Amino acid sequence: MKFNDILWGLLLMAVGIAVLADVRTYPEIPGQQYGPRAFPGLLAWLLIGCAVMLIVNGWRERRRHPWVEAGAWLRSASQLRNFALTVAGLVFYIVAAEKLGFLVCGSVMLAALFWSLRVRAVLILPIAVISTFVIHAIFYKGLRVPLPWGLVPILY
Amino acid sequence: MTWTVFMQALGLVFDPYVLIVILASAIFGLFVGCIPGLTATMATALLVPITFFMPPVPAVAAIVTATAMAIFSGDIPGALLRIPGTPASAAYTDEAYAMTLKGEAETALGAGLVFSALGGLFGTLVLIFMAPSLADIALKFSSFEYFWLVVLGLAGAVFIGNSSVLKASISLLLGLLVACAGADNPGAYPRFTFGVTELNGGVSLIPMMVGMFAVSELLRYMVNMDPPAQIAVKKLGRVFAGMWDLLRKYRWPLMRGNVLGVIIGIQPGSGADMASWMSYAMSKKFSKEPEKFGTGHVEGIVESGAANNSSLGGAWIPAIVFGIPGDSITAIAIGVLYLKNMNPGPTIFINNPENIYAIFFVFILANLIMIPLGWLTIKLAVKILQVPRNILMPIILLFCIVGSFAINNTVFGVGTILVFGLAAFLLEENGFPVAPAILGVVLANMMEENFVTSLIKSDGSLTVFFTRPIAMWLAIFTFLIMFWPVFSWAWNKFRR
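As they're listed, the protein sequences go chains A and B.
The first sequence lines up with residues 43 to 198 when you count with the numbering used here.
The second sequence lines up with residues 21 to 516 when you count with the numbering used here.
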C-alpha cells in the first residue's frame, strides 16, 4: 500500500513537531547547557526539514502518484487473509497467551495460518501441534524460558 | 598477539560446545540462505534470541558462521530457480541460471562455493591484520573524532547505494529517534516512554530487529503473488570438476573481487549486496570476453561470488575497532557484542584480546567448513528447495514470538515485533530503505554521547569539531560522501 509523499511528509512533520513539544517539557540539568533535550531536539528539526522536502517532491509529482495506491495484494482475498491472519495471530498471542498458554495459542495460530496458506487439511492439526511442542521444548526445557502453560497442566 | 593469547583463543574456539554451535549455525545458515524469501539478515536476526543464552565467543561465532554460509547458499536458488536466496546473490542470478539452462549448473554452483570460501578467507586475513593496527590509532581518538566517525558511518548508509537519499535520511532519523526512548541519556530523564514502564530501559534491540528483518519478511511472503518457480534440474553431478582450471584462469578477477569486496565492506553502510553488484559490473568492464556476460559465463560469478563474501570480513573492521557497523548484519552483531559485555572499540584488543582473536579463528574455520558443508547443501539442494514454505513460514513466525518473549520474559517483546514488523513492511512498500534505520538505532547512543560530551567540552562552540586534525579529515570525508551525488551530477553535466 503506497501513500503519496505529501501524506508521508505531513505525517513525519507531525512526528517532528510532537517530539519538539515533548522535549520542551524535559528538565534542565543544573549547571549544564546541554542535557536530554539537545539530541532529540536536533533530530526533530532535521526530520521536519526532510518532511518539507518530501512534501515539495510529492507536490511536484502529484499528477503521477495518487494519494493512496493499493497494491495488487490488497485486491486478492487470499493474500489479504494471509496478511490479516499473521497480524491477528500476533495480537491473539499478546492478548491470550497468559490465560490460554503457549501451547494452545501457538497451535491455534499455526493451524489458522496453515489453513490460510492452503496446507493439506489432514496435515494442519498434527503439524501445528507437533511444531508448537518442539519449539516449546527447546525454549522451555533447553533455554529455561518461562513460557506460560495457561490451560494446559504442567507436563514437563 | 602474544603466544598466551593465541593459545587461549584457540582453546576458546576448539571447545566441543563452540564447535557444535559453529556446526549447527552453519547448517542453519546454509538452509536459510537456500530458501528464497529468507535472507542472510533474517538468519542473523533469528539467531540472536538463541545467542542471548550463550557465552560471548559461541554467540558471536554463531552469527559469523551463519552469515557466511547464508551469503554463499543464496547462490543455490539463484542458479536453480532464478530467484536469489539472499540479495547478495542477485547480481549474478541471471548468469548462473543461464549456465544451468546450458547444463552447467554444477560449474556455476561449484564456482560460487569455492570462490565464496576464498573471498571469505581473504576478507578474514585483512580483518586480522588491519583491525589491531587501526585500534592502535583509534586509542588516540577523543569524543570529537568519534562523533565524526559515527556521522561518517551514517552518511555512508544514507548516501551510498540508495535510490532516494531523502527517504534513506528519514529512515535514519526515525531509527535515531526510536533509540532516544528510555532513560539512558545525559540527565537520565525517561524520554518518549508514554508512561510504559517497559520503555524506561529503551526499546529492546533484539525484538526490534526480529520485527524489522524477520516479521516484515514474513508479511512480504504472505502477500506475495508470484507463481511458484520450477526447479531447472533434477539432479546435480560433480560440483568441484574444473575448479582448479577456473582458479588458474581467473586468478586476477578473483583478486580484484576480493579487494573490492573488502573495501566496500569496510565502508560503513554498504555490505555484501553492493559488493556483489559493483564487482559484477567491474568484472564485465575488465573482462577479455565481455560479450559472453549474460549468456551463462562463469567469470562474473567468480569475481562477485568472492566479493560478497570478502566484504563480510571487511565490514567487521569498523564494527570491532570503532563499534560502527558496515551493514545491517554487522549492526545486529554489534548489538550482540554489547549484550555480551564485549563492547566494541579499540580497547577490546586490550580488555578481551582472547575473545576477539577467537572470533578471528571462527572466521577462518567458518570459511573452511563452508567447502564440505556447502558441497553437501548443493547435493541436497533439489530436496531443500522443495521444503513447503507454506508450512515453514508460520513456524518461523512462532519462533519469532518465542525469541522476542525470551529476552525479557514479557509479551511486550511480542508487541515490539508486531509494531516494528508492520512499520518496516509499510516503510519498504513506500520506498524507505530499512537498513539506515537499524544503523541509526545501533549508533544513536554513541552519537548522542559523543555529541553532547563534545559540546560540553567546547562550551557550545562548533569550531572545535573541525579544528582537531583527525576530526577535520573525518569531517571532510563525511562531507565528500554527503555531496557525492552533487559532484557526480555536476561532473556528468560538465562532460556533456
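Ideal placement from N, C-alpha and C gives every residue a C-beta, glycine not left out.
From a predicted model like this one, the values you see are computed outputs, not experimental measurements.
Report task. Indicate the three-state DSSP secondary structure (helix, strand or coil) for G346(B) in the structure shown. Result -> Note: G346(B) maps to coil in three-state DSSP.
Query - Neighbourhood of V185(B) by C-beta distance below 7 Å, restricted to the same chain and skipping five residues each side - result: Cβ neighbours of V185(B) beyond the five flanking positions: V178, F179, P505.
Query raised in the report: To the nearest angstrom, how far is it from the Cα of W87(A) to the Cα of F81(A)?
Result: One Cα belongs to W87(A), the other to F81(A), and the distance between them is close to 10 Å.
Query raised in the report: Distance, Cα to Cα, L54(A) vs V259(B)?
Result: Looking at the two C-alpha atoms, the distance is approximately 52 Å.
Requested in this report: Can you pull the chain B residues whose beta carbon is under 9 Å from the beta carbon of P82(A), in chain order?
Outcome: Chain B residues near P82(A): L196, L197, C200, N205, R211, F212, E468.
Requested in this report: Measuring only between beta-carbons, confirm whether V164(A) sits less than 8 Å from chain B.
Outcome: It does not: the Cβ of V164(A) has no partner Cβ on chain B nearer than 8 Å.
Query raised in the report: What runs of the alpha helix (DSSP H), each 4 residues or longer, lie entirely inside the stretch 177-233 of chain B?
Result: The stretch 177-233 of chain B contains these whole alpha helix (DSSP H) runs: 185-200, 225-230.
Query raised in the report: If you draw a straight line from the alpha carbon of P248(B) to that of G131(A), how long is it in whole angstroms?
Result: Cα to Cα, P248(B) sits roughly 25 Å from G131(A).
Query raised in the report: Where DSSP assigns a beta bridge to V110(A), which residues make up the other side?
Result: Answer by DSSP bridge pairing, in chain order: F45(A).
Requested in this report: Could you give the DSSP three-state label for I421(B): helix, strand or coil?
Outcome: Three-state DSSP puts I421(B) in a helix.
Query raised in the report: Are the C-beta of Y198(A) and some C-beta of chain B separated by less than 8 Å?
Result: No, Y198(A) does not count as interfacial toward chain B.
Requested in this report: Kindly confirm or deny that the stretch 129-148 of chain A and the stretch 168-182 of chain A touch, where touching means at least three C-beta pairs closer than 8 Å.
Outcome: Output reads yes: the stretch 168-182 of chain A touches the stretch 129-148 of chain A.
Query raised in the report: Along chain A, which residues have their Cβ under 8 Å away from the Cβ of E449(B)?
Result: Neighbours of E449(B) on chain A, chain order: M43, K44, G113.
Query raised in the report: Is D35(B) helix, strand or coil when you go by DSSP?
Result: Note: D35(B) maps to coil in three-state DSSP.
Query raised in the report: Mind pulling the chain A residues with CB within less than 8 Å of L58(B)?
Result: Correct list: empty, because the minimum Cβ distance to chain A is about 16 Å.
Query raised in the report: Going straight from the alpha carbon of F167(B) to that of T483(B), what length do you get?
Result: Looking at the two C-alpha atoms, the distance is approximately 14 Å.
Query raised in the report: Can you give the beta carbon distance from G58(A) to L96(A), rounded, assuming they're within the 8 Å contact cut?
Result: Wrong, their Cβ atoms sit about 11 Å apart, outside the cutoff.
Report task. List the endpoints of the continuous alpha helix (DSSP H) containing G98(B). Result -> Residues 95-101.
Query raised in the report: Is it right to say Y198(A) is buried, meaning 16 or more other beta carbons lie within 10 angstroms of its own, or is it exposed?
Result: Only exposed fits Y198(A), as fewer than 16 other CB atoms lie within 10 angstroms of its CB.
Query raised in the report: So which residues on chain C does L193(B) lean against when the C-beta distance must stay under 7 Å?
Result: Absent from the structure is chain C; the protein chains it does hold are A and B.
Query raised in the report: Is P227(B) closer than 8 Å to I437(B) when the C-beta atoms are compared?
Result: Yes, they are a contact pair.
Query raised in the report: By the criterion of Cβ-Cβ separation under 8 Å, what are the contact partners of M55(A) in chain B?
Result: Residues of chain B with a Cβ closer than 8 Å to the Cβ of M55(A) do not exist, since the nearest Cβ in that chain sits about 11 Å away.
Query raised in the report: Applying the criterion that 16 or more other CB atoms from any shown protein chain within 10 Å of the CB defines a buried residue, is W511(B) buried or exposed?
Result: Exposed is the call here.
Query - chain A residues whose Cβ lies nearer than 9 Å to that of L417(B) - result: Per Cβ cutoff of 9 Å: T128, G131, L132, M151, L152, L155.
Query raised in the report: Does DSSP classify A80(A) as helix, strand or coil?
Result: Looking at A80(A) - three-state DSSP - the assignment turns out to be helix.
Query raised in the report: Can you tell me where the alpha helix (DSSP H) with L313(B) in it begins and where it stops?
Result: The sequence shown places Phe at residue 313(B), rather than the Leu named in the question. Here F313(B) belongs to no alpha helix (DSSP H), and DSSP marks it neither H nor E.
Report task. Kindly indicate if chain B contains any beta-carbon less than 8 Å away from that of F175(A). Result -> With 8 Å as the cut-off, F175(A) does not count as an interface residue toward chain B.
Query raised in the report: Does the distance from the CB of A339(B) to the CB of P364(B) come in under 8 Å?
Result: Cβ atoms of A339(B) and P364(B): closer than 8 Å.
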